[in-house]
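Participant: The listed protein sequences derive, respectively, from chains A and B. Counting in UniProt numbering, the first sequence runs from 1 upward without gaps. Counting in UniProt numbering, the second sequence runs from 1 upward without gaps. If you scroll down you'll find the structure; I have some questions about it.
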Amino acid sequence: MTRSTVGSLARRLFASQPRQAAAAQAPDAINVEIPVPFQLHLLQEGPARESVTSREELVKMYRDMFRIRRMEITADKLFKSQLVRGFCHLYDGQEAVTIGMEAALTYEDTVITAYRDHATFLGRGGTVHECFAELMGRSTGCARGKGGSMHLYKPSNNFYGGWGIVGTTGPLGAGLAFANKYEKKNNVAMAIYGDGAGNQGQLFEAKNMAGLWDLPLIFLVENNHYGMGTAEWRASKKTTFYDRVSYIPGIKVDGMDAFAVKEATRFAKEHCLSGKGPIVLEADTYRYHGHSMSDPGSTYRTRNEIQGVRQERDPIERIKKLMIKENVMREEEFKAVDKEIKQEVDDAAAKAKDDPNPGEEELFMNIYKNDSGLKTYGCDRNMVRVQLP
Amino acid sequence: MFPGIVRSSSRHLPCRRSLMTVRDALNSAIDEEMAADPKVFVMGEEVGEYQGAYKVTKGLLQKYGPDRVLDTPITEAGFTGIGVGAAFQGLKPIVEFMTFNFAMQAIDHIINSAAKTYYMSGGQIAVPIVFRGPNGAAAGVGAQHSQCFAAWYGSCPGLKVVTPYSAEDARGLLKAAIRDPDPVVFLENELLYGENFPVSSQVRDPNFTLPIGKAKVEREGTDVTITAFSKMVGFALKAADELAKDGIKAEVINLRSIRPLDRETINASVRKTYRLVAVEEGWPQHGVCAEVCASVQEETFDYLDAPIERISGADIPMPYAANLERLALPQIEDIVRAAKRACYRSK
Chain A
1 MTRSTVGSLA RRLFASQPRQ AAAAQAPDAI NVEIPVPFQL HLLQEGPARE
51 SVTSREELVK MYRDMFRIRR MEITADKLFK SQLVRGFCHL YDGQEAVTIG
101 MEAALTYEDT VITAYRDHAT FLGRGGTVHE CFAELMGRST GCARGKGGSM
151 HLYKPSNNFY GGWGIVGTTG PLGAGLAFAN KYEKKNNVAM AIYGDGAGNQ
201 GQLFEAKNMA GLWDLPLIFL VENNHYGMGT AEWRASKKTT FYDRVSYIPG
251 IKVDGMDAFA VKEATRFAKE HCLSGKGPIV LEADTYRYHG HSMSDPGSTY
301 RTRNEIQGVR QERDPIERIK KLMIKENVMR EEEFKAVDKE IKQEVDDAAA
351 KAKDDPNPGE EELFMNIYKN DSGLKTYGCD RNMVRVQLP
Chain B
1 MFPGIVRSSS RHLPCRRSLM TVRDALNSAI DEEMAADPKV FVMGEEVGEY
51 QGAYKVTKGL LQKYGPDRVL DTPITEAGFT GIGVGAAFQG LKPIVEFMTF
101 NFAMQAIDHI INSAAKTYYM SGGQIAVPIV FRGPNGAAAG VGAQHSQCFA
151 AWYGSCPGLK VVTPYSAEDA RGLLKAAIRD PDPVVFLENE LLYGENFPVS
201 SQVRDPNFTL PIGKAKVERE GTDVTITAFS KMVGFALKAA DELAKDGIKA
251 EVINLRSIRP LDRETINASV RKTYRLVAVE EGWPQHGVCA EVCASVQEET
301 FDYLDAPIER ISGADIPMPY AANLERLALP QIEDIVRAAK RACYRSK
């Protein structure tokens, strides 16, 4: 056997093939191994099993993930003190998904997600203060207090929300990808949904059209294994989501490993932008909180399971261990960073608490973009009539 | 922008007129707006190679290519969501529903993803999309293909809802809808597509638009106001001809716009005539006429000389048999009878 046939035989034998790592490595480059293999669907090669990073990137990723963690824990407290009302869906445990994905995207790429969007908003450049203010319904919130927890937006960084109806991010994300292609932008769109949404008909409709029209679209399934109180095996005949359609390739990735998500996203973006059409990423992740603040999260799963994930797979602990091992930061430096970020988040909450409610005139603003001459009414038509100029 | 209000009475007209079908009016409107703005594109079932299920998009694929005229699979929820997502990013989709009955599969995207977004996002994301297609009854198409959706969409803040009647309405309102930065539900009528209407050279101008939110007084009168929209405008005008023979001069208002509803024009008319017959093809309960009645009794109560009359579709699913279908839809004699009742002139 020649070397080339041995090589090609080896490649065929192993499911997840390492692609060429980043061409030129900077002198301070740090190589991170990705231990859990990628599972592939309709792909001969998968993402690299090794990610090249730097001190700078590691510190940023740690800080960003820790900030999300503190933000969500603080949001929990704000909800319990009734400063946040309605629905509040928290992301703690899933930090590696959004931060890993953002490490491979730019703000010229488009992201759309569902209602578990606080962390995604931060990943897209939103601030903790804007997020808290929106949760508390203040005028300084990112949607002027008119959206709430499920409706965070930052279109200036191509973050299109923030949607409450399960499954809609599939078609809407395909529309964003369509717009990128129509305007000949060299960017992807990322349509995020959960395992609970994975059986929605409109997702298959979106996948069909994305495949038919070669849309540069990454479907990202944040599979935290529970759709509200229903475990995936109780909702889905087939409990994997990366391989649901026979004509769109998919990759299943360890969603608790930020670098696995980064490499998978990088691979997916290249795939889409080379004209190969859409691709599905399934991130195996976990949420520590219940579905929302109304759900204790322990009636349909055991405390042992939750604790187990925290101990074995926590994404922040993982990156911390890596950074200590690579001498990026020492334990004392972590303590200092944690304290700084905790203070930053607490300050943001305190500031948001003092921010004003929206003025009453906001009630009738932004119903239409072109609202000149609009006449509308409040609850008592005789008392509250509005005519906009 | 030329307002385009042209009276359809038989007086001498200042400009030369020729005929145009509603279909050609819609086709030319879409064509001109696509030529003027590269962000405008069309999507829907059979809009491209088939030339449009009702030929409204005829010739557009040949002219603008498959990147801008997209034949979609039969997946309304999916392609409507795609249109809305594209609109978030500033494109201007015209989404065609083969009929609005099928839009029920996509209604979540129309309401929750399109109508509410500008408000919910605090004014950050506008949705410049048009949803258009035939609405209401056709001829013998049965219960699932005959519903009028004007009242449902008309109740939703964040949407604009327009209902053209004539070719002039079709051109002016569709061009306005495409240019509008907000989501517009554009309710056509299949039976009107082939009807010819006289149009002036102003209407043919590529910059002709009509304001969304303004009704048109199609025929002036003094004795009773008849409001109608879409196909019922034609019936109301014929009813007015019948009433004139009995010396009753009816004022016919073509609503043109369901949301915003032109309450001023309606109420100003009732302040003149003191009597109102509100006409629609759709179901009576919570219908457009219910809103017209409510508006008039709130604003113009003291002027009313008779209770407000409503003529609407029968409160039933649409039957197929021709004689039953005729009984399920408003006819000219129904409008005449109601107007006479309002004038205390019924036998």
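Cβ coordinates follow ideal geometry from the N, Cα and C atoms, glycine included. Values in this document were obtained by computation on a predicted structure and should not be read as measured data.
Would B/Glu-96 pass as an interface residue toward chain A - the criterion being a Cβ-Cβ separation below 8 angstroms?
Facilitator: Within the second sequence, the letter at position 96 stands for residue 96 of chain B. With 8 angstroms as the cut-off, B/Glu-96 does not count as an interface residue toward chain A.
Participant: Can you list, in chain order, the residues of its chain whose CB lies under 7 angstroms from that of B/Pro-38, leaving out five sequence neighbours each side?
Facilitator: Here residue 38 of chain B refers to the residue found at position 38 of the second sequence. Answer for B/Pro-38: no residue qualifies.
Participant: Please classify A/Gly-93 as buried or exposed, where buried requires at least 16 other C-beta atoms within 10 Å of its C-beta.
Facilitator: As a first step, residue 93 of chain A must be located in the first sequence, where it is residue number 93. That one is buried.
Participant: Can the beta-carbon of B/Ile-82 be found less than 8 angstroms from the beta-carbon of A/Met-209?
Facilitator: For the purposes of this step, residue 82 of chain B is taken as the residue at position 82 of the second sequence. For the purposes of this step, residue 209 of chain A is taken as the residue at position 209 of the first sequence. Taking 8 angstroms as the Cβ cut-off, B/Ile-82 and A/Met-209 qualify as a contacting pair.
Participant: What does B/His-109 reach in chain A if we use C-beta pairs closer than 9 angstroms?
Facilitator: For the purposes of this step, residue 109 of chain B is identified with residue 109 of the second sequence, where counting begins at 1. Going along chain A in sequence order, the residues near B/His-109 (Cβ under 9 angstroms) are Ile-165, Thr-168, Pro-171, Leu-172, Gln-202.
Participant: Buried or exposed for B/Phe-301, going by 16 or more other Cβ atoms inside 10 Å?
Facilitator: Here the question's residue 301 of chain B lines up with position 301 in the second sequence. Label assigned to B/Phe-301: exposed.
Participant: Can you give me the C-alpha to C-alpha distance between B/Gln-147 and B/Gly-136, rounded to a whole angstrom?
Facilitator: Working through the second sequence from its first residue, we reach residue 147 of chain B at position 147. Working through the second sequence from its first residue, we reach residue 136 of chain B at position 136. Taking the straight line from one Cα to the other gives about 5 angstroms.
Participant: Assuming contact is defined by CB atoms lying nearer than 8 angstroms, are residue 354 of chain B and B/Phe-235 in contact in what I supplied?
Facilitator: Shown here, chain B extends from 1 to 347; a query on residue 354 of chain B therefore has no answer.
Participant: Could you tell me whether the segment 182 to 196 of chain B touches the segment 266 to 280 of chain B, where touching means 3 or more Cβ pairs closer than 8 angstroms?
Facilitator: With a cut-off of 8 angstroms, the segment 266 to 280 of chain B and the segment 182 to 196 of chain B do not count as touching, because too few Cβ pairs lie within range.
Participant: Is the Cβ-Cβ distance between A/Met-150 and A/Ala-352 less than 8 angstroms?
Facilitator: Counting from one through the first sequence, the residue named residue 150 of chain A turns up at place 150. Counting from one through the first sequence, the residue named residue 352 of chain A turns up at place 352. In this structure, A/Ala-352 does not lie closer than 8 angstroms to A/Met-150 by Cβ.
Participant: By the 10 Å Cβ neighbour count, where 16 or more other Cβ atoms means buried, how is residue 429 of chain A classified, buried or exposed?
Facilitator: Given that chain A is displayed from residue 1 to residue 389, the structure contains no residue 429 of chain A and the question cannot be resolved.
Participant: Compute the distance between the beta-carbons of B/Ala-86 and A/Ala-189, then report whether it is under 8 angstroms.
Facilitator: The count along the second sequence starts at 1 and reaches residue 86 of chain B at position 86. The count along the first sequence starts at 1 and reaches residue 189 of chain A at position 189. No, the Cβ-Cβ distance between B/Ala-86 and A/Ala-189 is not below 8 angstroms.
Participant: According to DSSP, is A/Gln-39 helix, strand or coil?
Facilitator: On the first sequence, position 39 is the one that residue 39 of chain A refers to. If DSSP states are grouped into helix, strand and coil, A/Gln-39 belongs with the strands.
Participant: Can the beta-carbon of A/Gly-167 be found less than 8 angstroms from the beta-carbon of A/Ala-197?
Facilitator: On the first sequence, residue 167 of chain A is found 167 positions in, with the first residue counted as 1. On the first sequence, residue 197 of chain A is found 197 positions in, with the first residue counted as 1. Closer than 8 angstroms, so yes.
Participant: Determine the burial state of B/His-286: buried for a count of at least 16 other Cβ atoms within 10 Å of its Cβ, exposed for fewer.
Facilitator: Working through the second sequence from its first residue, we reach residue 286 of chain B at position 286. When all chains shown are included, B/His-286 counts as exposed.
Participant: Taking the Cβ atom as the reference point for each residue, do B/Val-217 and B/Glu-168 lie within a distance shorter than 8 angstroms?
Facilitator: For the purposes of this step, residue 217 of chain B is taken as the residue at position 217 of the second sequence. For the purposes of this step, residue 168 of chain B is taken as the residue at position 168 of the second sequence. Going by C-beta atoms, B/Val-217 is not nearer than 8 angstroms to B/Glu-168.
Participant: Tell me the rounded alpha-carbon separation between A/Gln-200 and B/Gly-158.
Facilitator: Stepping through the first sequence from its first residue, residue 200 of chain A is reached at position 200. Stepping through the second sequence from its first residue, residue 158 of chain B is reached at position 158. A/Gln-200 and B/Gly-158: Cα-Cα distance of roughly 26 angstroms.
Participant: Closer than 9 angstroms between beta carbons: that is the criterion. Which residues of the segment 49 to 80 of chain B meet it against chain A?
Facilitator: Under the 9 angstroms Cβ criterion, the segment 49 to 80 of chain B contributes Asp-67, Arg-68, Leu-70, Thr-72, Pro-73, Thr-75, Glu-76, Ala-77, Gly-78, Phe-79, Thr-80.
Participant: If you draw a straight line from the alpha carbon of B/Thr-75 to that of A/Cys-142, how long is it in whole angstroms?
Facilitator: In the second sequence, residue 75 of chain B corresponds to position 75, counting from 1. In the first sequence, residue 142 of chain A corresponds to position 142, counting from 1. About 33 angstroms.
Participant: Can we say the segment 107 to 118 of chain A touches the segment 50 to 61 of chain A, given the rule of at least three CB pairs closer than 8 angstroms?
Facilitator: They do not touch, by the three-pair rule.
Participant: Thinking C-beta only, is A/Gly-194 closer than 8 angstroms to A/Asn-157?
Facilitator: Against the first sequence, residue 157 of chain A aligns to sequence position 157. Against the first sequence, residue 194 of chain A aligns to sequence position 194. Cβ distance not < 8 angstroms, so A/Asn-157 and A/Gly-194 don't count as in contact.
Participant: Out of A/Met-65, A/Gly-373, A/Asn-366, A/Asn-327, which one is the CA nearest neighbour of A/Asp-28?
Facilitator: Translated into the one-based positions of the first sequence, residue 28 of chain A becomes position 28. Looking at the Cα atoms, A/Asn-327 is the closest of the given residues.
Participant: Counting along the chain, where does the beta strand (DSSP E) carrying A/Phe-387 start and finish?
Facilitator: Start at 1 with the first residue of the first sequence, and residue 387 of chain A comes out as number 387. According to the sequence displayed, residue 387 of chain A carries Gln and not Phe. Here the beta strand (DSSP E) through A/Gln-387 covers 385 to 387.
Participant: At a cut of 8 angstroms, does the segment 35 to 54 of chain A reach the segment 302 to 311 of chain A through at least three beta carbon pairs?
Facilitator: The segment 35 to 54 of chain A is not in contact with the segment 302 to 311 of chain A.
Participant: Helix, strand or coil for A/Pro-315 per DSSP?
Facilitator: Locating residue 315 of chain A in the first sequence gives position 315, counting from the first residue. Here A/Pro-315 sits in helix by DSSP.
Participant: Could you tell me how far apart the beta carbons of residue 395 of chain B and B/Tyr-64 are, in whole angstroms, since I believe they sit closer than 8 angstroms?
Facilitator: Chain B is shown from 1 up to 347; residue 395 of chain B falls before or after that span and cannot be answered.
Participant: Quick check: is the beta carbon of B/Glu-298 nearer than 8 angstroms to any beta carbon in chain A?
Facilitator: Position 298 of the second sequence, counting from 1, holds the residue named residue 298 of chain B. It does: the Cβ of B/Glu-298 has a partner Cβ on chain A nearer than 8 angstroms.
Participant: Enumerated in chain order, which unbroken segments of the beta strand (DSSP E) with a length of 3 residues or greater are wholly contained in the segment 304 to 347 of chain B?
Facilitator: Runs of the beta strand (DSSP E) inside the segment 304 to 347 of chain B: 309 to 311.
Participant: Any idea what DSSP makes of B/Thr-163, helix, strand or coil?
Facilitator: Translated into positions along the second sequence, residue 163 of chain B becomes position 163. In the structure shown, B/Thr-163 sits in coil (DSSP, three-state: anything other than H, G, I, E or B).
Participant: Using a Cβ-Cβ distance cut-off of 8 angstroms, determine whether A/Phe-178 contacts chain B.
Facilitator: Working through the first sequence from its first residue, we reach residue 178 of chain A at position 178. Yes, contact with chain B.
Participant: Does A/Met-190 get closer than 8 angstroms to chain B when you measure Cβ to Cβ?
Facilitator: Here residue 190 of chain A refers to the residue found at position 190 when the first sequence is read from its first residue. Judged by the 8 angstroms Cβ criterion, A/Met-190 is not in contact with chain B.
Participant: Going by DSSP, what residue range makes up the beta strand (DSSP E) through A/Leu-203?
Facilitator: Counted from its first residue, the first sequence places residue 203 of chain A at position 203. That residue, A/Leu-203, is in no beta strand (DSSP E); its alpha helix (DSSP H) goes 201 to 212.
Participant: Residues of the segment 195 to 228 of chain B with a CB closer than 8 angstroms to any CB of chain A: list them in chain order, please.
Facilitator: Of all residues in the segment 195 to 228 of chain B, Gly-213 have a Cβ within less than 8 angstroms of some Cβ in chain A.
Participant: Need the endpoints of the alpha helix (DSSP H) that A/Arg-69 sits in, please.
Facilitator: Here residue 69 of chain A refers to the residue found at position 69 of the first sequence. Looking at the DSSP string, the run of the alpha helix (DSSP H) that includes A/Arg-69 is 55 to 80.
Participant: Please tell me whether A/Pro-356 has its Cβ less than 8 angstroms away from any Cβ of chain B.
Facilitator: As a first step, residue 356 of chain A is located in the first sequence; it is residue number 356 there, counting from the start. Chain B, which has no Cβ nearer than 8 angstroms to the Cβ of A/Pro-356, makes this no.
Participant: From the DSSP output, in three-state form, read off A/Ser-236 for me.
Facilitator: Mapped onto the first sequence, residue 236 of chain A falls at position 236. A/Ser-236 falls in the coil class under three-state DSSP.
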